[in-house]
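All remarks here apply to the structure that follows.
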Amino acid sequence: MASRPSTVFGIERSLTGKSWLWRGGNMDISQGFGSPGGLEDDIVTQLLLSRGVDRSDLDRHRNPSLRAFLPDPSEFQDMDVAAARLADAVQKREAITVYGDYDVDGATSAALLILLLRRLGIEARYYIPDRLLEGYGPSGEALVRLGKEGSDLVVTVDCGAMAHEALAMAKDAGLDVVVVDHHKCSPELPRTVALVNPNRLDESDLAASHGNLAAVGVAFLLAIATVRTLRARGYFQERPEPDLFALLDLVALGTVADVASLHGLNRALVAQGLKVMARREHIGMSALIDASRLSRAPTCSDLGFALGPRINAGGRVGESTLGVRLLTTTDPHEAEQIAAQLSHLNDERRAIEQAVQEAAEEQLARQDNRSVLVLAGAGWHPGVIGIVAGRIKEKTGKPALVIALEADEAGNGKGSGRSIAGVDLGAAIIAAREAGLLVAGGGHAMACGLTIAPDKLDALSDWLDERLAGDVARASASQSIRLDLALSPGGLTPDLVETLDGAGPYGMGWPGPRVAVGPVRVFKADVVGKDHVRLIVGGQDGGRFKAMAFRAAETDMGQALLHGSEGRRLWLAGRTKIDDWGPRPQAELHIEDAAFAD
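Taking this note's numbering, I'd label the letters of the sequence shown as residues 856 to 1453.
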């Protein structure tokens, strides 16, 4: 069945209300290639081209290596200053404390620098603030206390770019602080020894092009610069240089878990980091993989959905230092214990998250006319509000802020937001803070965090609606699902999944291939878990496969899959996966959309 020029299979409105469009060129192989004379390029080439790779640059992107993508760290503002200060501390045997955030990016960034310093002969301390008691970012009181306790140098990772007051307190107390961050900066920078951040407003074009780095990626560049500085000073004449490539498993985990865009350097860091992770030489990472019940080498998806959430659980509902402790321990028994504890906390987090999500969804009906959803409740756990905001955003197609009221001693609310493509929520939150609507706030285009006084909630809702309504309307009007490949049911095979994986790793900004399969009839459908739809489907070509539509049972699409098709044939769209639970691997489809074929 040939597709119309503008849509795939002529689908203008699917069961989720979207049109189906090709991401790149027509890749309909359901009945032979869609273009006259066949497909000009192989599937992997087409996938790379459709993700913005220039034809002249294909070779570099087929097997992304650090050699091909790594910039000179000295291109970044303050990088050489930061590296020189760290090198001084190493050579003088100063007391160093790494001050990290409590999420995965913060934990991996802190662990990377701690392991680097350990291999340079320095046993650094770490300080991870408590999410509930101290909140995000460095506090002046904590920094001053670290100085009084003997720290000569503090390196903040994944935080500090906007901590003007706290860093001024540290400066006045005589404490040297180096900031390693990736969050948005204001024109006026805080008072520090150095602030390394590709999102500084005074960065060069080359450095700013790496603004999608997670903090752990910036920390890795600092590690390279520090080792290079020490090498130039002759530090390694009597000791071996540390193997920086061995730290790439941390970079991969932090980058994927922080939902950083996997373009360019990030893609190379993750691709090489997955290779390091597969060797299982890192005691803590190996224990984390075992606790996640993975019997194979982790994939990019595993980092985001299995390993990352376990590290995050410590900061969300448990003890904020657990992630760093796991990733820096040298004791296999301790690693096993911490990994098991994190798995337990992750289960607890899921239950808490479900309760908060149900309470937040009860407020949705009252916000139908809002372009930006602002949901707030007392007793909501601040550790899960970001996850719930993401769920609400996915369900409604609108930017969502979820706020836990009375979350600090002053009675303020702590909020987290998630946005949709085309709506810069982080910039809006920074502007709201500058307008006096927030106690604190910041973030980036797709995510933000904030602190707000309860009496400002309505004003914030109105302000965000007025500022972002146009952006949300434009983004919503163009709702579509982009497809890479169309195939018959019999074409969904393990070999095809392996071929599609050849253009990975996939993640934010480098989307995994989405395929359309059909037409199919539903042979069996039921609900598993709370609201996941499980299917067995097949086509006239004899091909049969399993499919899953997660969190879909109560949606219009889910109901159609379960009950509403009445024998009608369907097109299914989603991501291919390998089901390796049985005696032999089989391909399955994780459904994201569906449309009637007749």
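We put the CB at the ideal spot given by N, CA and C, even for glycine.
In three-state DSSP terms, what is Gly1163? Three-state result, Gly1163: helix.
Which residue marks the beginning of the beta strand (DSSP E) containing Thr1251, and which one marks its end? No beta strand (DSSP E) holds Thr1251; the alpha helix (DSSP H) holding it covers Ile1240 to Thr1251.
So, are the CB atoms of Thr1354 and Ile898 less than 8 Å apart? Closer than 8 Å, so yes.
Length of the line joining the Cα atoms of Arg1288 and Ser1041: Distance from the CA of Arg1288 to the CA of Ser1041, rounded to the nearest whole angstrom, comes to 12 Å.
Quick one: what does DSSP say Thr1306 is sitting in, helix, strand or coil? Three-state result, Thr1306: strand.
Locate the beta strand (DSSP E) running through Asp1031, then write down its first and last residues. For Asp1031, the enclosing beta strand (DSSP E) starts and ends at Asp1031 to Val1035.
Starting from Pro1374, trace the beta strand (DSSP E) in both directions and tell me its first and last residue. Element bounds for Pro1374: Val1370 to Val1383.
Can you name the residues that DSSP bridges to Phe1451? Leu1425, per the DSSP bridge assignment.
Below 6 Å CB to CB, which residues in the same chain sit around Gly1128 once its five sequence neighbours on both sides are set aside? Only Leu1103, Asp1104, Val1106 and Ala1107 meet the Cβ criterion.
Since Asp1031 and Asp1007 should fall inside the 8 Å C-beta cutoff, what is the C-beta to C-beta distance between them, to a whole number of angstroms? Contact between Asp1031 and Asp1007 holds: CB atoms are separated by about 7 Å, below the 8 Å threshold.
Proximity of Gly1429 and His1445 at Cβ, strictly below 8 Å: For the pair Gly1429 and His1445, the CB atoms are nearer than the 8 Å cut-off.
So, helix, strand or coil for Phe931, using DSSP? If DSSP states are grouped into helix, strand and coil, Phe931 belongs with coil.
Using 10 angstroms around the beta-carbon of Leu1001, count the other beta-carbons present and answer buried if the total reaches 16, otherwise exposed. Buried is the call here.
Sequence-distant residues of the same chain with beta carbon closer than 8 Å to Val836, five excluded per side: With the chain represented from 856 up to 1453, any question about residue 836 goes unanswered, as that position is not in the structure.
Alpha-carbon spacing of Asp1435 relative to Leu972, whole angstroms: Rounded to the nearest angstrom, the two C-alpha atoms are 40 Å apart.
Beta carbon of Ile1242 nearer than 8 Å to that of Leu1228: Taking 8 Å as the Cβ cut-off, Ile1242 and Leu1228 do not qualify as a contacting pair.
Residues in its own chain within less than 7 Å of Thr1084 by CB, not counting five upstream and five downstream? Correct list, in chain order: Ala938, Ala939 and Ala942.
Looking only at DSSP bridge pairs, what is Thr952 linked to? In DSSP, Thr952 forms a bridge with Arg980 and Val1009.
Measure the alpha-carbon distance for Gly1394 versus Asp1381 and round it to whole angstroms. Spanning the two alpha carbons is a distance of roughly 19 Å.
Drop a sphere of 10 angstroms on the beta-carbon of Val1053, count the other beta-carbons inside from all chains shown, and report buried for 16 or more, exposed for fewer. Checking the displayed sequence, the identity of residue 1053 turns out to be Pro instead of Val. Classified as buried, Pro1053 has 16 or more neighbouring CB atoms from the shown chains inside 10 Å of its CB.
Three or more beta-carbon pairs under 8 Å between the stretch 1362-1371 and the stretch 1399-1418, yes or no? With the cut-off at 8 Å, the stretch 1362-1371 and the stretch 1399-1418 do not touch.
Going by CA-CA distance only, name the one from Pro1344, Pro1095 and Leu1260 that's closest to Asp1310. Of the candidates Pro1344, Pro1095 and Leu1260, the one whose C-alpha sits nearest the C-alpha of Asp1310 is Leu1260.
State the CB to CB distance for the pair Arg986 and Ser1175, rounded to an integer number of angstroms; the pair is presumed to be in contact (CB under 8 Å). Cβ atoms of Arg986 and Ser1175 come within 8 Å of each other, at about 6 Å.
Spatially closest choice to Val1377 from Ala1449, Glu1249 and Thr1110, by CA coordinates: The residue with the shortest Cα to Cα distance from Val1377 is Ala1449.
Within 10 angstroms of its Cβ, does Glu1264 collect 16 or more other Cβ (buried), or is it exposed? Its Cβ having fewer than 16 others within 10 Å, Glu1264 is exposed.
Please state the DSSP three-state secondary structure of Glu1443. The three-state reading of DSSP puts Glu1443 in strand, counting E and B together.
For Asp1145 and Asn1224, what's the separation of their Cα atoms in angstroms? Asp1145 and Asn1224: Cα-Cα distance of roughly 47 Å.
Quickly, what does DSSP pair Gly1367 with across the bridge? List them, please. DSSP lists no partner for Gly1367.
Where does the unbroken beta strand (DSSP E) through Met1403 begin, and where does it stop? Counting along the chain, the beta strand (DSSP E) containing Met1403 begins and ends at Arg1399 to Ala1404.
Decide if Arg878 is buried, meaning its Cβ has at least 16 other Cβ atoms within 10 Å, or exposed. Under this definition Arg878 is a buried residue.
If you drop the 5 nearest sequence neighbours on each side, which residues of the same chain put their C-beta closer than 6 Å to that of Glu1058? Taken in chain order, the residues that qualify are Gln932.
Step through the CB atoms of chain B and report whether any lies within less than 8 Å of the CB of Gln1414. Chain labels in this structure do not include chain B; a single protein chain is all it has.
Please state the DSSP three-state secondary structure of Ala1023. Reduced to three states, the DSSP call for Ala1023 is helix.
Under 6 Å Cβ to Cβ from Val908, same chain only, skipping five residues before and after it: list those, please. Taken in chain order, the residues that qualify are His916.
Pull up the distance between the alpha-carbon of Asp1279 and that of Ala1300, whole angstroms please. Approximately 4 Å between the Cα atoms of the pair.
Which word fits Gly892, buried or exposed, when buried means at least 16 other C-beta atoms lie within 10 angstroms of its C-beta? Residue confidence for Gly892 is low, a pLDDT of 35 falling below 50, so the modelled location carries little weight and cannot support an answer.
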